[in-house]
Amino acid sequence: MIDPITLDQLRAFVTIADEGSFSAAARKLRRVQSAISHAIATLEDQLGLELFDRSARLPKLTDQGNLVLAHARRVLASADELRTLAEGLVGGLEPSVGLAVDAIFPTDALANSCREFARTYPTVPLRIHTETLSAVSALVLDGTCQLGVVGPDAPTVGLERHHLTTVLMIPVVAPAHPLAREKGRVTTRRLAEHVQIVTSERTREGMPDRAVLSPLTWRVADLHTKHALLRAGLGWGRLPGHVAAEDLERGTLVRIRPEAWGDADHQLALAAVHRQDAPLGPAARWLVERLGQLCRESTPVTSTPTKPAKKKRRAS
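In numbering that gives the first Met the number 0, the protein residues as written are 0 to 315.
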């Protein structure tokens, strides 16, 4: 049975390998060389292995020593992570952060903030839920997530709000759809003749429909499906500007202008929310601030072409 090995022994071993000698390791660790030599001799006795070849002027790792070195580095890295985690928990850092995001939130801002979060809080797992409408508020209210990003109509009783950004919702159809040939404003009567694809609540207890102008509705519970159905020409509906932008540029979707709506009707304010009785910890507070900053730094889609762009001829 191997006697207990200490982190001090492993740190001395790794430092000798990195610095090239016992004396250099002693200086690096601010210890006397005899203490370093004793630590390595004890480690070799405990393992029953010769870690260094001392026949030359400078010690050289043996083949066995090289194998042990890789494991020693992993053990020290894990110990450092544990120390960082403990220090963070003592300072109030959350064990994990749950974030529920409405599907219309800009995905680039979300991805970039998560990338930076991982670098800033490497010991804090981030759990992300993408939902629609009142489902976001529900996850925050029941404690599944500490933080949510909701639209303007989501229920927020018992929640604190912090404005993040405004998303432009654009009414679109596929270029082959009959409404794509309409010039200028499209009457509600004309829109009512065609299927409107609507993002709907997953439960009956959710929010009432918003911005529905046609009695002919197809209902979907996620934005990806809605986008695919619109591109397939199966109806008309609204998409967030950041989702529709590439299709509008390529001409695979066309913007329409319903007579019933002014441009201001398509601006949806998104806000971060959390429970009033559960103040955010440092990692969640950082995430709220960074989400807002990245949204402000991004260029919003404020206008889009009303006609499909000319497609570039592909090289044969």
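Backbone N, C-alpha and C fix where the C-beta goes; we use that ideal spot for every residue, glycine too.
Query	Result
For valine 211, count the other beta carbons within 10 Å of its own beta carbon; 16 or more makes it buried, fewer makes it exposed. Which is it?	exposed
Let me check one thing: in DSSP terms, what residues is glycine 97 bridge-paired to?	Arg126
Could I get the ranges of all uninterrupted alpha helix (DSSP H) runs contained in the segment 153 to 219, with 4 residues as the minimum, in chain order?	187 to 190
Helix or strand or just coil, what does DSSP make of valine 67?	helix
Just to confirm the assignment, what range does the alpha helix (DSSP H) spanning glutamine 145 have?	Unbroken run through glutamine 145: none, as it is neither H nor E.
Compute the distance between the beta-carbons of glutamine 8 and leucine 158, then report whether it is under 8 Å.	no
Answer yes or no: does any C-beta atom of chain C fall closer than 8 Å to that of leucine 98?	In summary, chain C is missing from the structure at hand, where a single protein chain is found.
Using the three-state DSSP reduction, which class does leucine 267 fall into: helix, strand or coil?	strand
By Cβ distance, which residues of its chain are closer than 8 Å to leucine 28, with the 5 residues on each side in sequence left out?	Arg10, Ala11, Thr14, Ile35
Within the same chain, show all residues whose beta-carbon is closer than 7 Å to that of threonine 332, passing over the 5 residues directly before and after it, in chain order.	Nothing about residue 332 can be read from this structure; the chain reaches only from 0 to 315.
Is there contact between the segment 244 to 262 and the segment 128 to 144, where contact requires at least three CB pairs shorter than 8 Å?	no
Could you tell me which of Gly236, Val139, Ser95 sits nearest to threonine 122, measuring between CA atoms?	Ser95
For glycine 150 and threonine 164, I'd like the C-alpha separation in whole angstroms.	10 Å
Considering only their Cβ atoms, is the gap separating leucine 75 from leucine 6 smaller than 8 Å?	yes
Compute the Euclidean distance between the alpha carbons of arginine 82 and threonine 216, then round it to the nearest angstrom.	56 Å
Which value, in whole angstroms, describes the spacing of the CA atoms of phenylalanine 51 and alanine 23?	15 Å
Any idea if valine 253 is buried or exposed, counting beta-carbon neighbours within 10 angstroms, 16 or more meaning buried?	buried
Which term fits histidine 273, buried or exposed, when burial requires 16 or more other beta carbons within 10 angstroms of its beta carbon?	buried
Considering only the alpha carbon of each residue, which of Gly64, Thr106, Val242, His70 lies closest to glutamate 43?	Gly64
So for glycine 240, helix, strand or coil by DSSP?	helix
Valine 253 by DSSP, collapsed to three states: which one?	strand
Please report the distance separating the alpha-carbon of lysine 182 from that of valine 171.	14 Å
On the DSSP bridge list, what partners appear for valine 287?	DSSP, once it has assigned bridges, lists no residue as partnering valine 287.
Give the straight-line distance between the Cα atoms of leucine 57 and glutamate 18, rounded to the nearest whole angstrom.	11 Å
Is it the case that the CB of leucine 75 approaches a heavy atom of the ligand PLP more closely than 7 Å?	Looking at this structure, you won't find the ligand PLP or any other ligand, since it has none at all.
Taking 8 Å as the cut-off, decide whether the C-beta atoms of tryptophan 285 and isoleucine 255 are in contact.	no
Which residue or residues does DSSP assign as beta-bridge partners of arginine 274?	Leu158
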